[in-house]
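First the structure, in the form of structure tokens, and then the observations on it.
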Amino acid sequence: MNVVQLTSGDFAAAVFSPDFVDAGFDREAIARIHRGEHDEWVTVLAGSGMFSNREVADMVRSWRANPRLLFDSLLVEADQVTKQYCHAMWCELDGFSSYDVSAA
């Protein structure tokens, strides 16, 4: 028997992904995640009662270190075309971020 160890991030993805996918993919929402603005997700996560304070803090730390983790979690339930579209937007934002840094 194979046992798969699920992480808090896996559970968060299961909670958030369907709503994010059903709501459609707002370019500004993706840009906020890319910029590291995760407050709305943290509020929902903490308020869900499904995670301990430590689990929430661990997820927030991981998202701050790598915002792509939250982004990828939200796309878990998306179809392949939607994933490609959103990843293209993310890459475009990466390009703008690189441009902004080099221009400064």
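The opening residue of the sequence shown carries number 21 in the working numbering; numbering runs sequentially from there. Glycine included, every Cβ here is placed at the ideal spot set by N, Cα and C.
Within the same chain, Cβ atoms closer than 7 Å to the Cβ of P87 are found at I53, H54 and G56, the five residues on either side in sequence being excluded.
Note that the region 104 to 113 does not touch the region 65 to 72; fewer than 3 beta-carbon pairs, one per stretch, sit closer than 8 Å.
Within the model, the alpha-carbon separation for A98 versus I50 is close to 14 Å. Taking C-beta atoms as the reference points, L90 and W83 count as a pair closer than 7 Å.
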